[in-house]
Amino acid sequence: MTEATQVPGVLDSHGERAAPLQTVYVYEAPVRLWHWVNALAIVVLATTGYFIASPLPSTPGEASANFLMGYIRFAHFASGYVLAVGLLGRIYWAFVGNAYARQIFTLPLWNPKWVWGVLYELRWYLFLVKRPQKYVGHNPLAHFSMFFFMLLLTFMVVTGFALYSEGAGRDSWQYKLFGWVFAIWPNSQDVHTWHHLGMWGIVVFVIIHVYAAVREDIMSRQSLISSMVSGERLFRDEYES
Amino acid sequence: MAAIETFYDVIRRQGVTRRSFTKFCSLTAASLGMGSTAAATMARALETNPRVPVIWMHGLECTCCSESFIRSAHPLVKDVVLSMISLDYDDTIMAAAGHQAEEILAETKEKYKGKYILAVEGNPPLNEGGMFCIDGGKPFVEKLKWMAEDASAIIAWGSCASWGCVQAAKPNPTQATPIDKVILDKPIIKVPGCPPIAEVMTGVITFITTFGRLPELDRQGRPKMFYSQRIHDKCYRRPHFDAGQFVEEWDDENARKGYCLYKMGCKGPTTYNACSTVRWNGGVSFPIQSGHGCIGCSEEGFWDKGPFYERLANIKQFGVEHNADEVGLAAVGLVGAGVAAHAAVTAIKRITTKPSDTDRDA
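Chains as they are written, first to last, in the working numbering: chain D, -6 to 234; chain G, 4 to 365.
This is how it looks when you write it as structure tokens:
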């Protein structure tokens, strides 16, 4: 044991040294916080949103003693605000944060190396190449889908506030800012339908997002899930093979 | 027909008392949401302003707007406003017919150039050069454009004129087109509904003839005073919605108790109209009060936003009609199956290729 303590690095109970691996600080605290707050808001929004469209079985008793639909709608609106404010904060952080913070807001289609990366990652997902590339930020394919997810989030915020303005009234700031949505779809039933489809789009995204994160964490020899907790990307191989 | 006659002169000649006239002004001012001082303003305007001629034309329609209009709750309203209009032109209810009636159009167009109101019930079909609606020997669309030329403003009565309604429902073989898509250079006020509420119609007419301008309109061109709130917002069954108490089937206990009709496809939450406040037939009732959900008849394309009895609207882009949940669940199912298959292939590949891959642990 005395011999082992002289060795720099991490020890296990047998005094063996663990290999020092390379880590890079990618996701700053506001980005991580936004990610998890956003994830939570989406869970609440999707669940309550579903029950707004297809309400639970009727509550027994007098109407004055119940407020179930009211609470469900309140939760939906409250988390909608959380998501919207979070999105604004995230956009702000794209300007003041590190380079990785603005990745998902841009689409570098003119960058041939990036386009090659998208195609390479596609081939990786089609089992046509043996190893994925390693990236400090998002891999180009993930970057590509994240960009469209951010568009989808924006769409949900815009249509969401437009629908909210129906209850808030014609003089509300929500209507002043987002009432133009009804110029595109004069019948708000259509806005409801699109907002509802958007929810399913987000559910589809979540499935792919979680699957890809878990899979890449295992398969591509770099950390993904813990990176969104600690902010650090760990590269598990000591050298590039 | 006297050009300088005022509204007041007309109704006095018809035997309406001054007392009834003042009551009418107060009632209308109240229904327009303008407060008590507006009643005096309105009375003064109706006494002194020259009567504004109104031409009432009929395109592709079912006359339900006219039927609603002549059943306005306040008897005076219909007498006053209707006589004021029929003096000029309304081919359904006017006494004159044929060439005699058509001459009135030309006369009004010339005599009141730029001053008359054109009220249009129904809409023009544009297909086959407008041949699906012939009125007085020529396509209605031509007559409409001709009369619109010199009108000061146009009232689009009902959902037909405002949005297209049933004759514009898919596949719209006659290419029935709402007024604002045909007449582009005139102020148009939409008074949608199938039909619109009588008090709303008379209110709009009275406002325009009284003040000589259109009431404040919303983004869709509807008068704000009647169309800025949803049926849902003022529905007397709203407490049951908030409580989560719904009619689950047409003949269940909840239906008898008068619970919310949301699950039965009520379109109240997406329909802007005054039904839940003004109500129908002199404030007696409205569809939801009689136990049937709102079908959203005053909304754009309401025939194609069905079904009437389900909450989620149909999406027709997938050939067969599906709603958002069916489309969404199908997408989730497909993607889920894809992800599962992908994960399986990944696992198999990883197991089968592992020995050759261990070199990276060197």
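We treat Cβ as the ideally placed atom computed from N, Cα and C, and that holds for glycine. Source: prediction; values computed, not measured.
Distance CB(residue i)-CB(residue j) smaller than 8 Å
{"i": "residue 261 of chain G", "j": "residue 240 of chain G", "result": "yes"}
{"i": "residue 19 of chain D", "j": "residue 130 of chain D", "result": "yes"}
{"i": "residue 277 of chain G", "j": "residue 229 of chain G", "result": "yes"}
{"i": "residue 238 of chain G", "j": "residue 182 of chain G", "result": "no"}
{"i": "residue 123 of chain G", "j": "residue 171 of chain G", "result": "no"}
{"i": "residue 196 of chain G", "j": "residue 162 of chain G", "result": "yes"}
{"i": "residue 61 of chain G", "j": "residue 12 of chain G", "result": "no"}
{"i": "residue 68 of chain D", "j": "residue 99 of chain D", "result": "no"}
{"i": "residue 71 of chain G", "j": "residue 96 of chain G", "result": "no"}
{"i": "residue 137 of chain G", "j": "residue 92 of chain G", "result": "no"}
{"i": "residue 180 of chain D", "j": "residue 305 of chain G", "result": "yes"}
{"i": "residue 38 of chain D", "j": "residue 146 of chain D", "result": "no"}
{"i": "residue 352 of chain G", "j": "residue 314 of chain G", "result": "no"}
{"i": "residue 217 of chain G", "j": "residue 156 of chain G", "result": "yes"}
{"i": "residue 272 of chain G", "j": "residue 233 of chain G", "result": "yes"}
{"i": "residue 150 of chain G", "j": "residue 112 of chain G", "result": "yes"}
{"i": "residue 141 of chain D", "j": "residue 155 of chain D", "result": "no"}
{"i": "residue 14 of chain D", "j": "residue 227 of chain D", "result": "yes"}
Residue i: contacting residues in chain B (beta-carbon distance under 7 Å)
{"i": "residue 146 of chain G", "result": "Absent here is chain B; the protein component of the structure consists of chains D and G."}
Where the beta strand (DSSP E) containing residue i begins and where it ends
{"i": "residue 155 of chain G", "result": "154 to 160"}
{"i": "residue 114 of chain G", "result": "No beta strand (DSSP E) holds residue 114 of chain G; the alpha helix (DSSP H) holding it covers 101 to 114."}
{"i": "residue 226 of chain D", "result": "225 to 228"}
{"i": "residue 131 of chain D", "result": "Element bounds for residue 131 of chain D: n/a, residue is neither H nor E."}
{"i": "residue 123 of chain G", "result": "119 to 124"}
{"i": "residue 192 of chain G", "result": "191 to 194"}
{"i": "residue 61 of chain G", "result": "57 to 61"}
{"i": "residue 15 of chain D", "result": "15 to 18"}
When the options are compared against residue i, the one with the closest alpha-carbon
{"i": "residue 274 of chain G", "options": "G:247, G:225, G:201, G:113", "result": "G:225"}
{"i": "residue 236 of chain G", "options": "D:227, D:162, D:219", "result": "D:162"}
{"i": "residue 102 of chain G", "options": "G:333, G:214, G:203, G:141", "result": "G:141"}
{"i": "residue 247 of chain G", "options": "D:142, D:49, D:194, D:150", "result": "D:49"}
{"i": "residue 154 of chain G", "options": "G:96, G:333, G:119, G:35", "result": "G:119"}
{"i": "residue 186 of chain G", "options": "G:199, G:147, G:205", "result": "G:147"}
{"i": "residue 193 of chain D", "options": "G:316, G:331, G:312", "result": "G:331"}
{"i": "residue 221 of chain D", "options": "D:93, D:184, D:212", "result": "D:93"}
{"i": "residue 354 of chain G", "options": "D:211, D:218, D:73", "result": "D:211"}
{"i": "residue 57 of chain D", "options": "G:244, G:201, G:307, G:310", "result": "G:244"}
{"i": "residue 83 of chain D", "options": "D:137, D:51, D:25, D:175", "result": "D:25"}
{"i": "residue 126 of chain D", "options": "D:223, D:21, D:225, D:214", "result": "D:214"}
{"i": "residue 329 of chain G", "options": "D:141, D:28, D:46", "result": "D:46"}
{"i": "residue 189 of chain D", "options": "D:137, D:141, D:169, D:153", "result": "D:153"}
{"i": "residue 55 of chain D", "options": "G:282, G:263, G:287", "result": "G:263"}
{"i": "residue 114 of chain G", "options": "G:55, G:326, G:145, G:302", "result": "G:55"}
{"i": "residue 372 of chain G", "options": "D:169, D:182, D:63, D:148", "result": "Any question about residue 372 of chain G goes unanswered here, given that chain G covers just 4 to 365."}
Where the alpha helix (DSSP H) through residue i begins and ends
{"i": "residue 148 of chain G", "result": "143 to 151"}
{"i": "residue 213 of chain D", "result": "Premise fails: residue 213 of chain D is in no alpha helix (DSSP H) and is neither H nor E."}
{"i": "residue 82 of chain D", "result": "61 to 89"}
{"i": "residue 110 of chain D", "result": "105 to 118"}
{"i": "residue 73 of chain G", "result": "First-last for residue 73 of chain G: undefined, no H or E at that position."}
{"i": "residue 269 of chain G", "result": "It is not in any alpha helix (DSSP H) - residue 269 of chain G carries neither H nor E in the DSSP assignment."}
{"i": "residue 288 of chain G", "result": "That residue, residue 288 of chain G, is in no alpha helix (DSSP H); it is neither H nor E in DSSP."}
{"i": "residue 16 of chain G", "result": "10 to 16"}
{"i": "residue 27 of chain D", "result": "22 to 46"}
{"i": "residue 29 of chain G", "result": "21 to 34"}
{"i": "residue 204 of chain G", "result": "201 to 214"}
Mind the definition here: the segment 127 to 143 of chain G touches the segment 37 to 50 of chain G only if three or more C-beta pairs lie below 8 Å; say whether that holds. no
Residues within the segment 203 to 229 of chain D neighbouring chain G, beta-carbon criterion of under 7 Å: 204, 208, 212
Which residues, taken in chain order from the segment 61 to 85 of chain D, show a beta carbon closer than 9 Å to some beta carbon of chain G? 61, 62, 63, 64, 65, 66
Any chance the segment 186 to 203 of chain D sits against the segment 338 to 346 of chain G, with 3 or more Cβ pairs inside 8 Å? Short answer: they touch.
Across the segment 101 to 110 of chain D and the segment 124 to 141 of chain D, are there enough close Cβ pairs to call them in contact, namely three or more that are closer than 8 Å? yes
Output needed in chain order: residues of the segment 26 to 37 of chain D with a Cβ under 8 Å from some Cβ in chain G. Against chain G - using a Cβ distance shorter than 8 Å - the segment 26 to 37 of chain D contributes no residues.
Answer yes if the segment 25 to 37 of chain G comes into contact with the segment 201 to 221 of chain G, meaning at least three C-beta pairs across the two stretches below 8 Å, and no otherwise. yes
In chain order, what residues of the segment 284 to 318 of chain G put their CB closer than 8 Å to some CB of chain D? So the close ones are 299, 302, 303, 304, 305, 308, 314, 315, 316, 318.
For the segment 121 to 145 of chain D, enumerate the residues whose C-beta is nearer than 7 Å to any C-beta of chain G, in chain order. none
Does the count of Cβ pairs from the segment 341 to 350 of chain G and the segment 204 to 213 of chain D closer than 8 Å reach three? At 8 Å Cβ cutoff, the stretches touch.
Listed from N- to C-terminal order along the chain, which residues in the segment 200 to 228 of chain G have their beta-carbon within a distance smaller than 8 Å of any beta-carbon of chain D? Contact annotation: in the segment 200 to 228 of chain G, residues whose CB is within less than 8 Å of a CB in chain D are 221, 222, 223, 227.
Mind listing which residues of the segment 250 to 262 of chain G have their C-beta closer than 7 Å to chain D's C-betas, in chain order? Result list: 251, 257, 262.
Along the segment 147 to 166 of chain D, where does the CB come closer than 8 Å to a CB of chain G? Name the residues. Within the segment 147 to 166 of chain D, those residues whose Cβ lies closer than 8 Å to any Cβ of chain G are, in chain order, 159, 160, 162, 163.
Interface positions of the segment 264 to 279 of chain G facing chain D (Cβ-Cβ less than 9 Å), listed along the chain: 265, 266, 270, 272, 273, 274, 275
Going along the segment 169 to 185 of chain D in order, which residues come within less than 9 Å of chain G, judged by CB to CB distance? 172, 173, 175, 176, 178, 179, 180, 181, 182, 183, 184, 185
What are the residues of the segment 160 to 190 of chain G that lie near chain D, defined by any Cβ-Cβ distance shorter than 7 Å? none
Tell me which residues of the segment 104 to 117 of chain D have at least one Cβ-Cβ distance to chain G shorter than 9 Å, keeping chain order. none
Residues of the segment 41 to 64 of chain G with Cβ closer than 8 Å to any Cβ of chain D, in chain order: For the segment 41 to 64 of chain G, which is checked against every Cβ of chain D, not one residue is closer than 8 Å.
Please identify, using Cβ separations under 8 Å, the residues of the segment 235 to 251 of chain G that lie next to chain D, in order along the chain. 236, 242, 243, 244, 245, 246, 247, 248, 249, 251
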